[in-house]
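Start counting the sequence shown at 1; every next residue gets the next number (full-length UniProt numbering).
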Amino acid sequence: MKKAYIPLGIFVVLLAFLGIGLTLDPREIPSPLIGKPAPEFSAPVLDNPALQITKQDMLGKVWLLNTWASWCVACREEHPLLMEYAKTKTIPIVGLDYKDKDQDGQKWLARFGNPYDVVIADRDGRIGINFGVYGVPESFLIDKAGVIRYKQIGPFTPDALQNKLLPLIRELQQ
């Protein structure tokens, strides 16, 4: 008689796990890099490949690394919000053109506008891989010491910008 309750118990446990899983936000994937130094990188500037940008160039500043690509549909969704935020000049925004052709990235920026202080090319995706990029767009807020403090998976929304990113920027700038 007690053996009959074992499948019922297993079913209840599985049902509980399913219920918990359905309440989680799939965009909230914890990054193992939060609280750790940003990976080292050296990358050519998109419109001036002779010029290289490194992580050391950004030390002493709170800055945002935004991965994007001309082929990315979700990047189009996020772009107007980045354009508006860039007008505030609160922090530098570095664009990481991920797995893209330089000319395609340049055309995209000419068409939709350029919110970035500088755009670097990640033609083979190695910088993105080192940052743990799952797909574009993804953004990383990096503090003055070069430590990753926040990761946004997917496009920024007005809510994420106002309630997550901006308060953290204010905190890090103090």
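Using N, Cα and C, we set each Cβ at its ideal position, and we do this for glycine too.
Lysine 144 sits in coil when the DSSP states are folded into three classes, being neither helix nor strand.
Under the three-state reduction of DSSP output, tyrosine 5 falls in the helix class. Between asparagine 48 and proline 137, the C-beta gap is not smaller than 8 Å, which leaves the two residues out of contact. Burial of lysine 151 is indicated by the presence of at least 16 other C-beta atoms within 10 angstroms of its C-beta. Between histidine 79 and valine 45, the alpha-carbon positions lie close to 20 Å from each other. Between alanine 38 and glutamine 52, the beta carbon gap of about 16 Å keeps them out of contact (Cβ cut-off 8 Å).
Arginine 123 has its alpha-carbon roughly 22 Å from the corresponding atom of leucine 141.
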